[in-house]
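Going line by line, the protein sequences match chains A, B and C.
Following the numbering used here from start to finish, the first sequence increments by one per residue and tops out at 367.
Following the numbering used here from start to finish, the second sequence increments by one per residue and tops out at 658.
Following the numbering used here from start to finish, the third sequence increments by one per residue and tops out at 851.
The beta carbon of each residue, even a glycine, is placed where N, CA and C say it ideally should be.
Below you'll find the structure, written out as structure tokens, and then a few comments.
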Amino acid sequence: MAYVAVKGGQKAIQNSINLMEYNRKKGSSVLLETEQIKDQLFFLIDRIMCEGSLYAPDLAAVAIKQTCGDILEASFVLRAYRATKSRVGYSIAHKTDKMRVIRRISASFKEVPGGQILGASLDYTLRLLDYDLVKEDDFDREAMLGQLFPDLNGADYPDIFPKIVDLLKKEKLIEIKPLDHFQQEQEPFDITRESIQFPASRSAVLQTMARGETGGMLLLAYSNMRGFGMVHPVIGELRVGYLPVEIEHPYEKSIYRVGEIKVTEAEIISATFSSEPSSIPKFSLGYGLCFGHNETKAISMAVLDRAMQTSQPKSASEDQEFVLSHIDGIESVGFCNHYKLPHYVSFQSALDRVRFAQDKKKKESPE
Amino acid sequence: MNGKEWLMDQQNNKKPFFYNFAYLDENTKKEIRRKILKAVAIPGYQVPFASREMPIGRGWGTGGLQLTLSIIGCADTLKVIDQGSDDSVNAINIKKFIQKVCDIPITNDTKEATVIQTRHRIPEERLEKNQILVFQVPIPEILKIIEPSDQVTKRMHAEADYSGIWLYLYEDIIHFNEISIGAGYPVMVNHRYIMDPSPIPRFDIPKMNHNRSLLLFGAGREKRIYAIPPFTDVEPIEFEDFKFRTEDFSGKKCSKCNATDVYLDEIIDDESGARSYQCSDTSYCEKRCQL
Amino acid sequence: MIENESINQVNFRIMLSCMSLPSSIGILECPFEDKKNPFASLYFFAQLLLDPEVSFFVSGESSSDISSKIVTTTKATISTNESADYLFLSNEDISVEINRAKKGTMESPEEGATCLIFIKEISHEPSSFLLTGPGIEDFSFFPLMEGFNLIEFSRTFAKVNCEFPMGIDFIFIDSLRQIFCIPRTTKIERKVQ
């Protein structure tokens, strides 16, 4: 059945859209509220905001509902929405040592100044399917919340946690200068205003990865960890917390805080010696930062950041052009799925070639 | 309605998220317009541009769409085709979107349109000086068939180092006595740049040479714009002793309008296994049928 | 604002038509008559294409007034002759200015500048300079422009555009809002009788 009906293509499309809506609404369960998605599926919200490159939890919830949970489609909807917004200004750049931390761990040392703060994480849960969740109700919820907080007293919790890599930098164990083949930048490159050219500057690399698709980046980082590369990472510090968003008043020049964003930050130490030709061997760093709580992505990003700084790339994860051209989820999903569009005109042309070539072959050696 | 009326209408209907006329904001349009002008000044050269995400998927025509939306206005009439048909899924979706974001008359008639957005075909009817043909391009870099890295292909274009692609064609001829490239055949533009004409059939390539209309090419995902001004030399690359050949439809004609000098779609009649042919350009076929 | 955007679209199409068909002369549209300001067409051009992502340079007298007005309306950045993306030149010393403007690189020829030359009037009379190249059906003639030294211009044009694809593209604008475009692909030759 052709899907280029001479008349009726329009009707077929509308029916397809109606059928999607029908599938979403036909069940006997209560319709999802976006507030529920936001409150209870927060890792999903964080992932959509990260890959959609727009920090907007309410809108991410709508996108998830609209696309019935298709992560790549939901990120796409959010990213397309982002593209309609005009740039009104720039926030002030901040160092992340002032982050309001809710989770902070280091694998490099057993004890660190400020302490290992586990925070909320799935890491320590057992991966046993919890069938009790099928019938959970508000009574259980009230009971659990009631039990949790009365035991707490005002424990010692520092406002600021020193950066572990800063301590290593002080001891001169870590390479501080960016490696030679990255240009020194005055202003960050903006990948949404100019198309990236290779070799790309570090800010362009980090921006592209910050919105990159988690699965794709994990694949490339994993390949490096398994030996298709030489990063050999150790987590210097992994943080999840809130960073302030501050802007400067255009005339008064005073600073205004307009909100805060949750981010995950990973600083990995590459235990291979830095390839800078200096006499003193040092470790080098890889850096990852993304919207929301997404540790897999932040770690992968940090590993890839370090991998791409290699002066002689040998594997895919070290090849800057390869990594940056293939990690954007919106682009890769779009192109992969575009193959479903009609291609019969070019296929006809290909058929013509192969038939002609076969005819020639037959004429050369008739059987 | 004009741009001002459009905005008033959006505000009056109290839509929470309303869009600029033709969806793109003015700064996005400006960047694309600047790049279009440079593309026209350097025929066949791929100009990088920022490329916004659009509400249709990457790979589904976002480049062509950004070009159309940056140039289109109230005085225009728009035609959108995919595989030569006005009614294909892709063409319909794009028209739906464009009509949602600006109130422009849509036509199926090639002669009536001032802007034609196309996926993989050039219309059969001759285009004129006041018309613009916008091509949707999936992969703008023709040299990708020999070299995957953009960094390397950029240098090749800079140095007009096209030996690799000539070698590719030569090797095809040696192995198969036939060039394997079907649609999207490489062309030399203005005797300087080898260019990907988008996956149009070879049948359409001769139409590009000294075309009377402006040809604009947009690749949204790859973020490139290129152009061929009217009256420009465009030649398919070929050897002296192995000439360029278009698709062979000898002995075949359209089962609806009997045309023989057009690009035909092969239709398989699955009951009897028989083959019939129809015009790929459906609006041209309809016109002929009405005569 | 919306009025500006509609005008920008109309004017862009006129400009695109002239750049792709270098033998034609177009007239930019204007929403109001500004008889006191001879540079009105120049501002239309600026508003049409300039924004914070590009830089420009203005030469000649009143350059600082013109520059600040362009910055206010477009937020484009003022730059030197050598690095500006767009140059606004009046009739004096244009060869010097054009020779210093950037031509792009072989890898990125689109970085070559666009020179906007403001002259008194583009006539519809043909000069003796023949134009051929992409966008021109067979051949055409460079229009006569009062007070403009075509001989010197054609020499400068050939010089800055001799290493195609690097080069500079030109747009002539007059006080009647007429425009005439010459992209770097055009050949300008003195017709010998």
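Might you give, ordered along the chain, the residues of its own chain that have their beta carbon closer than 7 Å to the beta carbon of residue i, omitting 5 neighbours on each side?
i, result
"Thr296 (chain A)", "Thr214 and Leu218"
"Gly259 (chain A)", "Val245"
"Val601 (chain B)", "Val554, Val556, Met575, Asn576 and Ile595"
"Ile459 (chain B)", "none"
"Asn666 (chain C)", "Gln705 and Leu706"
"Glu638 (chain B)", "none"
Does any residue of chain B have a CB that is nearer than 8 Å to the CB of residue i?
i, result
"Thr843 (chain C)", "yes"
"Leu179 (chain A)", "At Leu179 (chain A) the pLDDT is 49, less than 50, meaning the model places this residue with poor confidence and gives no usable figure here."
"Gln836 (chain C)", "no"
"Leu802 (chain C)", "no"
Would you verify that the beta carbon of residue i is, or is not, closer than 8 Å to some beta carbon of chain C?
i, result
"Arg522 (chain B)", "yes"
"Ala408 (chain B)", "yes"
"Lys496 (chain B)", "yes"
"Phe388 (chain B)", "yes"
"Asn475 (chain B)", "no"
"Phe384 (chain B)", "Because Phe384 (chain B) sits at a pLDDT of 48, beneath the cut-off of 50, its placement in the model cannot be relied upon, and the point is left open."
For residue i and chain A, any beta-carbon pair shorter than 8 Å?
i, result
"Gly430 (chain B)", "no"
"Ala417 (chain B)", "yes"
"Trp352 (chain B)", "Residue 352 (chain B) is absent from the model: chain B starts at 368 and stops at 658."
"Asp563 (chain B)", "no"
"Ile459 (chain B)", "yes"
"Val625 (chain B)", "It should be noted that the sequence gives Asn, not Val, for residue 625 (chain B). It does not: the Cβ of Asn625 (chain B) has no partner Cβ on chain A nearer than 8 Å."
Strictly below 8 Å CB to CB, what residues from chain B border residue i?
i, result
"Pro784 (chain C)", "Per Cβ cutoff of 8 Å: no residues; Pro784 (chain C) is ~18 Å from chain B at best."
For the putative contact between residue i and residue j, defined by C-beta atoms under 8 Å, what is the C-beta separation to the nearest angstrom?
i, j, result
"Leu789 (chain C)", "Thr844 (chain C)", "6 Å"
"Tyr593 (chain B)", "Pro507 (chain B)", "7 Å"
"Leu706 (chain C)", "Phe746 (chain C)", "Not confirmed; about 13 Å, so no contact."
"Ile647 (chain C)", "Ile837 (chain C)", "Nothing about residue 647 (chain C) can be reported from this structure: the residues present for chain C run from 659 to 851 only."
"Ser346 (chain A)", "Pro603 (chain B)", "The pair is not a contact, with the Cβ atoms about 16 Å apart (cut-off 8 Å)."
"Met718 (chain C)", "Ser748 (chain C)", "First, the residue type needs correcting, since residue 718 (chain C) is Gly and not Met in the sequence shown. Right, their Cβ atoms sit about 4 Å apart."
"Ile512 (chain B)", "Leu583 (chain B)", "Contact doesn't hold; Cβ gap of about 23 Å is too wide."
"Glu545 (chain B)", "Ala357 (chain A)", "4 Å"
"Val303 (chain A)", "Pro233 (chain A)", "5 Å"
"Gly288 (chain A)", "Met301 (chain A)", "3 Å"
So residue i contacts chain C; which residues on that side make the cut at Cβ distance below 8 Å?
i, result
"Ile403 (chain B)", "Leu674"
"Glu526 (chain B)", "Met764"
"Tyr412 (chain B)", "Pro767, Glu768 and Pro823"
Go through its chain and collect everything with a Cβ distance to residue i's Cβ below 8 Å, but skip five positions before and after it.
i, result
"Ser437 (chain B)", "Ala389, Leu391, Thr395, Lys396, Ile399, Arg400 and Ile403"
"Ile45 (chain A)", "Ile37, Lys38, Pro57, Ala60, Ala61, Ile64 and Gly292"
"Ile683 (chain C)", "Cys676, Ile780, His782, Pro801, Gln836, Ile837 and Phe838"
Using a Cβ cut-off of 7 Å, pull out every chain B residue sitting near residue i, in sequence order please.
i, result
"Phe360 (chain A)", "For clarity, residue 360 (chain A) is Lys in the given sequence; the question names Phe instead. The contacting residues are Asn544 and Glu545."
"Glu711 (chain C)", "Glu398"
"Pro792 (chain C)", "Pro410, Asn557, Pro596, Phe598 and Thr599"
"Asp352 (chain A)", "Gly549, Glu614 and Asp615"
"Glu795 (chain C)", "Phe598"
"Asn15 (chain A)", "Near Asn15 (chain A) there are no residues of chain B at all, since even the closest Cβ is about 12 Å away, more than 7 Å."
"Ser678 (chain C)", "Val407, Leu581, Pro596 and Pro597"
If the cut is a Cβ gap below 9 Å, which residues of chain B does residue i touch?
i, result
"Gln348 (chain A)", "Gly549, Ala550, Pro568, Glu614, Tyr630, Leu631, Asp632, Glu633 and Ser647"
Listing by chain order, which chain A residues have their CB less than 8 Å from the CB of residue i?
i, result
"Met421 (chain B)", "Ala80 and Ala83"
Strictly below 7 Å CB to CB, what residues from chain A border residue i?
i, result
"His487 (chain B)", "Val345 and Ser346"
"Lys590 (chain B)", "Ser195"
To which residues of the same chain is residue i closer than 6 Å at the C-beta, ignoring the five residues directly before and after it?
i, result
"Asp180 (chain A)", "Its pLDDT being 46, under 50, Asp180 (chain A) is placed unreliably by the model, and the measurement read from it follows with that caveat. Same-chain partners within the cutoff: there are none."
"Gly241 (chain A)", "Met99, Arg100, Val101 and Ile102"
"Ile17 (chain A)", "none"
Residues of chain C with CB closer than 7 Å to the CB of residue i, please, in chain order.
i, result
"Leu434 (chain B)", "Going along chain C, no residue has its Cβ under 7 Å from Leu434 (chain B), so there is no contact; the nearest lies around 11 Å."
"Gly451 (chain B)", "Simply none; closest approach about 25 Å."
"Asn394 (chain B)", "Asp709"
Taking Cβ-Cβ distances shorter than 9 Å, what residues in chain C pair up with residue i?
i, result
"Gly440 (chain B)", "Ser664, Gln667, Val668, Phe670 and Arg671"
Note down, in chain order, every chain A residue with its Cβ under 9 Å from the Cβ of residue i.
i, result
"Asp636 (chain B)", "Result: empty, since nearest Cβ-Cβ is about 12 Å, beyond 9 Å."
### Message
Ignoring anything shorter than 4 residues, give me the alpha helix (DSSP H) runs that lie fully in the segment 678-755 of chain C, in order along the chain.
### Response
698-707 and 721-732
### Message
Which runs of the alpha helix (DSSP H) at least 4 residues long sit entirely within the segment 390-477 of chain B? Give them in chain order.
### Response
Runs of the alpha helix (DSSP H) inside the segment 390-477 of chain B: 393-408, 429-438 and 456-468.
### Query
Can you list the beta strand (DSSP E) stretches of 3 or more residues lying completely in the segment 549-599 of chain B, in chain order?
554-556, 560-562, 581-586 and 591-595
### Task
Run through the segment 761-834 of chain C for me and flag every whole beta strand (DSSP E) of 3 or more residues, listed as ranges in chain order.
Annotation note: the segment 761-834 of chain C contains the following uninterrupted beta strand (DSSP E) runs of length 3 or greater, listed N- to C-terminal: 772-777, 780-790, 798-803 and 827-832.
### Query
What beta strand (DSSP E) runs, 3 residues minimum, are completely inside the segment 146-221 of chain A?
none
### Task
Would you list, in sequence order, the uninterrupted alpha helix (DSSP H) runs of no fewer than 4 residues that lie entirely inside the segment 291-340 of chain A?
List check, alpha helix (DSSP H) in window: 295-307, 320-326 and 329-338.
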